[in-house]
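So for the sequence shown, the UniProt record's numbering puts the first residue at 1; every next one is plus one.
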Amino acid sequence: MTQDYARTTYAVSGGYEIAMAEAGEGPAVVFLHGSGPGASGTSNFRSNAPAFVAAGYRVLLPDLIGYGASSKPEGIDYTLQLFADTVYEALAQAGVASAVLVGNSLGGGIAMQLAFDHPGFAEKLVMMAPGCIEELPVYFAMPGIAKMKSSFGSPEFSLADQKALITNLVYDPSSIDDALVAERFAVARTQSKDVLARMRTPNLAPRLGELAMPILGFWGLQDDFCPASGAQRFLDACPDARFMTFNKVGHWVQVERSEEFNRYALAFLRD
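Right, dumping it as structure tokens:
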């Protein structure tokens with residue numbers, strides 16, 4: 001399923017710009033993508049956003065700072081606060097006063113930060129293997145992180161390198177097609193290594209109990225980037241959380257099990 005988007009660029013603090021794709025009408029659903037070479041809003045959720053538009057939602061897909069068509073500054077720390085603040089400013093300019101936030105990996109951490117910083121903004125949270133709930137050594141010990149080391153950021157970075165990086169995100173490589181690889185490769189060639197090398201994210205686990213809104217989560221049991229045991233942290237701390245786990249699925253539940261993800265997430269939104 002393909003989707004046509006209106007694309008707008010918003011000027012935010014720091015002299016930066018945040019690019020955002022948008023489609024549909026109705027209650028706002030904001031998709032927040034994860035990190036990695038070549039990531040962008042539309043590429044991370046190409047199998048999901050059209051279903052939400054068809055179901056009657058206004059879908060917004062921002063490119064995080066350092067990614068997609070947004071500003072890609074060098075020589076700065078890419079903090080979780082920077083990601084959250086710049087996205088929030090862009091969404092405010094787009095007229096979004098509240099929304100369902102859908103976040104994958106780093107995007108899940110951003111969704112939580114937005115919920116903490118702006119009470120009432122996040123109506124519900126839908127998260128796929130959300131990051132920022134472990135200490136950094138836990139993430140660095142995950143096998144997927146080690147495999148992410150490549151020639152990214154250098155002239156030698158190739159289309160084959162890009163395909164290898166994306167394949168690490170899934171359990172079944174057949175779920176990755178050449179169009180997705182090409183789309184992300186085009187973005188990766190414009191990025192600085194700083195977007196990964198100087199990323200700074202806190203451990204938000206001690207604050208999970210503050211998330212009082214309904215939460216739906218998804219986790220692949222073969223996730224090599226964010227340990228699936230993180231789901232229990234939400235179930236223990238949050239008053240209104242439910243998580244689904246999937247066998248033989250990696251870090252990208254929304255890609256490998258897109259039909260199920262769309263069905264369950266839309267039912268959660270309608271509830």
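Cβ atoms here follow ideal geometry from the backbone N, Cα and C, with glycine treated the same way.
Spatial distance of residue i from residue j (CA atoms)
| i | j | result |
| --- | --- | --- |
| Glu-260 | Gln-254 | 8 Å |
| Ile-145 | Ala-51 | 31 Å |
| Ala-237 | Arg-207 | 9 Å |
| Ser-35 | Phe-218 | 18 Å |
| Tyr-139 | Leu-165 | 17 Å |
| Leu-204 | Asp-161 | 32 Å |
| Thr-245 | Ala-11 | 39 Å |
| Pro-227 | Lys-124 | 23 Å |
| Val-102 | Met-127 | 6 Å |
| Arg-242 | Leu-216 | 5 Å |
| Glu-89 | Phe-45 | 22 Å |
| Ala-141 | Phe-225 | 9 Å |
| Gly-220 | Gly-209 | 23 Å |
From the options, residue whose alpha carbon lies closest to that of residue i
| i | options | result |
| --- | --- | --- |
| Pro-119 | Leu-136, Ala-97, Val-138 and Glu-135 | Ala-97 |
| Tyr-16 | Leu-221, Val-87, Ala-212 and Glu-123 | Val-87 |
| Ile-133 | Thr-245, Ser-71 and Leu-235 | Leu-235 |
| Gln-191 | Gly-66, Leu-106, Lys-124 and Thr-2 | Gly-66 |
| Leu-266 | Val-249, Leu-136 and Asn-48 | Asn-48 |
| Ile-18 | Ala-115, His-33, Leu-64 and Phe-152 | Leu-64 |
| Pro-130 | Gln-232, Ala-55 and Val-195 | Gln-232 |
| Ser-70 | Phe-31, Ala-212, Met-20 and Asp-172 | Met-20 |
| Ala-182 | Ser-229, Ser-158, Arg-58 and Glu-210 | Ser-158 |
| Pro-214 | Pro-239, Ile-76 and Gly-220 | Pro-239 |
| Lys-163 | Pro-155, Arg-58 and Ala-179 | Ala-179 |
| Phe-152 | Gly-68, His-251 and Asp-194 | Asp-194 |
| Ala-92 | Leu-60, Thr-79 and Val-249 | Leu-60 |
| His-251 | Leu-106, Asp-4 and Phe-31 | Leu-106 |
| Phe-121 | Ile-76, Pro-27 and Ala-55 | Pro-27 |
Extent of the continuous alpha helix (DSSP H) to which residue i belongs
| i | result |
| --- | --- |
| Ala-188 | 178-188 |
| Leu-269 | 258-270 |
| Arg-233 | 230-237 |
| Gly-38 | From DSSP, Gly-38 is part of no alpha helix (DSSP H); its letter is neither H nor E. |
Collapsed DSSP secondary structure at residue i in the structure displayed
| i | result |
| --- | --- |
| Ile-133 | coil |
| Val-255 | helix |
| residue 288 | No statement about residue 288 is possible, as the shown extent of the chain runs from 1 to 271 and does not include it. |
| Leu-125 | strand |
| Phe-225 | coil |
| Gly-120 | coil |
| Val-30 | strand |
| Met-112 | helix |
| Leu-196 | helix |
| Leu-82 | helix |
| Ile-76 | coil |
| Tyr-16 | strand |
| Leu-169 | coil |
| Ala-23 | strand |
| Leu-208 | helix |
First through last residue of the beta strand (DSSP E) which encompasses residue i
| i | result |
| --- | --- |
| Leu-221 | Segment: none, Leu-221 is in no beta strand (DSSP E) and carries neither H nor E. |
| Val-100 | 99-104 |
| Ala-11 | 6-12 |
| Ala-69 | No beta strand (DSSP E) contains Ala-69, which DSSP labels as neither H nor E. |
| Phe-157 | Looking at the DSSP string, Phe-157 is not in any beta strand (DSSP E), and its letter there is neither H nor E. |
| Thr-245 | 241-246 |
Discussion item. I'd like to know if the region 76-91 and the region 107-122 are in contact, where contact means that at least 3 CB-CB pairs between them fall below 8 Å.
Written reply: Touching, yes, given that three or more Cβ pairs across the two stretches are closer than 8 Å.
Discussion item. Count Cβ pairs between the region 24-38 and the region 182-201 that sit closer than 8 Å; are there 3 or more?
Written reply: Judged by Cβ distances under 8 Å, the region 24-38 makes contact with the region 182-201, as three or more pairs qualify.
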